[in-house]
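Below is one structure; the comments refer to it alone.
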Amino acid sequence: MKTTIRRISEATGFSAATISNALNRKKGVNPRTAEEIFKTASEMGYLQAAQQRKIHFVMYRTNGLITDDTPFFTMMMDGFQSECRRRGYDMVINYLDRRAADFKSQLDVLLEDRDSLVALMGAELMDQDLHYFSRARCRIVTLDYWSEDLPYSGIITNNSESARTAVNYLVEKGHRRLGYLRGDFRIKAFKLREAGYRAALAEQGIPYDPGYTVTVSTTMDGAYRDMLAYLKKKPGLADAYFADNDMIALGCMKALQECGIQIPGDVSLIGFDDLPFCDIVSPGLTSLRVPKQELGQMAVRRLLDIVEEGMDTKTQTLVSTRFVERDSVSDANGSDTIQYGAAMGSS
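One rule links them: number in this note's numbering = place in the sequence shown (from 1) + 604.
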């Protein structure tokens, strides 16, 4: 049986918090108590395993279109690193690129290490890639991805409910011709957002019109170019669009403005993620704020719950977003409407 802080607590009679504080050499623990705890931990084989006090943040890439050129994942890593430091662990960043010639050898080295703790950033993980991770011997928690077919806990944004919040807000603002700025690389998060968007339309009694869905690249520059090409066809535009993420919304906003379409006078926009860019552009982009640093922190805590407390029950944690209202949505009612808060989540 694996030695955990809980088992050391049972053996010594000290609380799990005292055990953790002593092993992490925090102040406030009686020296004699700390000595007894270290002695027992050593006898039970805990300290040998604890010598490798590092946690891997693994960035999985299918093509890099989602993970590259955005501050989203850098901010998540900042939160991950701060929690690692607070808990006395080192952070190790690994990149697994499915296109790389040595992909499988890198994967084997990582997954075969029984002592490794891995937070797998799965934003670009596709369902057909799951077999790569099904045989892992290391402890894994997935970030931005979760599957019934993997035996690991996952932490994800409440994508579908957040999209519903965006649509309901647009309807409250008096918009009925609603469109969708759809990323062409269909990661799982985007599929869930689209499902939430369509569900909200149905609930509001608004028929889904495929003519108001514009499929564009998931990079800001790519979305800009694709939207320009779309606008050259002089299509009928929706009154308001919900975008899969901020990068798409910002690229499309630039194209719309260059074509003389006013935001929000002619077309309203809502993004997703609430990146720092949203405050810089004009008008400011209304968006759904994902708690990026907190997601990273939660991954560390969940991994340490597994290794230190023996809490290895598979869980899915849905993390709420917060609606951030700026200036990219017009009020078609001509009157004040309700204020929107968090998109509800559960765990």
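Idealized CB from N, CA, C, for every residue including glycine.
- Around the beta carbon of His735, fewer than 16 other beta carbons lie within 10 angstroms, which makes this residue exposed.
- By the Cβ-count criterion, Thr678 is exposed, with fewer than 16 other Cβ atoms from all chains shown falling within 10 Å of its own Cβ.
- By the beta-carbon neighbour count (other beta carbons within 10 angstroms, threshold 16), Asn937 is exposed.
- For a cut-off of 8 Å, the C-beta gap from Arg926 to Arg893 is around 4 Å, short enough to register as a contact.
- Here His660 is not near Val713, since their CB atoms are 7 Å or more apart.
- Take the alpha-carbon of Asp672 and the one of Gly914: they are about 35 Å apart.
- Beta-bridge partners of Arg893 (DSSP): Asp877 and Arg926.
- In the three-state reduction of the DSSP assignment, Val911 falls in the helix class.
- Secondary structure at Gln710: helix, using DSSP grouped into helix, strand and coil.
- Gly875 is positioned such that its CB atom lies no closer than 7 Å to that of Met680.
- Sixteen is the threshold: when 16 or more other Cβ atoms of the shown chains lie within 10 Å of the Cβ of Asp848, as they do, the residue is buried.
- Pairing Thr644 with Met851 gives a Cβ-Cβ distance that is not under 7 Å.
- The residue from Gly632, Asn634, Ala626 and Ala842 with its alpha-carbon nearest to that of Phe642 is Ala626.
- For Tyr828, the uninterrupted alpha helix (DSSP H) segment begins and ends at Met824 to Leu835.
- For the region 658–731, the full-length beta strand (DSSP E) segments reaching 3 residues or more read 658–665, 694–701 and 721–725 along the chain.
- Within the model, the alpha-carbon separation for Ser720 versus Phe676 is close to 25 Å.
- Taken through DSSP and simplified to helix, strand or coil, Gly783 comes out as strand.
- For Ser821, the three-state secondary structure derived from DSSP is coil.
- Tyr816 sits in a helix when the DSSP states are folded into three classes.
- Linking Lys837 to Thr921 through their CA atoms gives a straight-line distance of about 43 Å.
- Assignment of Ile865 by DSSP, reduced to helix, strand and coil, places it in the coil class.
- The count of Cβ pairs closer than 8 Å, one atom from the region 716–730 and one from the region 743–751, reaches three, so the stretches are in contact.
- Scanning its chain for C-beta atoms nearer than 8 Å, with the 5 sequence neighbours on each side dropped, one finds around Ala806 the residues Tyr812, in chain order.
- Between Phe846 and Ala770 a beta carbon distance of about 5 Å is seen, short of the 8 Å cut, so the two are scored as contacting.
- Apart from sequence neighbours up to five positions away, the residues of its chain that approach Ala615 with a beta-carbon distance below 8 Å are Thr644 and Met648, ordered along the chain.
- Exclusion of the five residues before and after Ser891 leaves Asp850, Ile874, Gly875, Phe876, Asp877, Asp878, Cys882 and Val928 as the residues of its chain whose Cβ lies within less than 7 Å of its Cβ.
- DSSP places Ile744 inside the beta strand (DSSP E), whose first and last residues are Arg743 to Leu747.
- Boundaries of the alpha helix (DSSP H) harbouring Ala621: Ala620 to Leu627, taken from the DSSP string.
- DSSP lists Tyr784 and Ile874 as the bridge partner or partners of Phe846.
- Per DSSP, Ser764 is one residue of the alpha helix (DSSP H) stretching across Asn763 to Glu776.
- Judged by beta-carbon spacing, Tyr784 lies within the 7 Å limit of Thr817, meaning their Cβ atoms are closer than that value.
- DSSP places Arg802 inside the alpha helix (DSSP H), whose first and last residues are Lys792 to Glu807.
- Leaving aside the five residues that flank Ile670 on each side, the residues in its chain whose CB is nearer than 7 Å to its CB run, in chain order, Ala727, Glu728, Phe789, Ile791 and Thr822.
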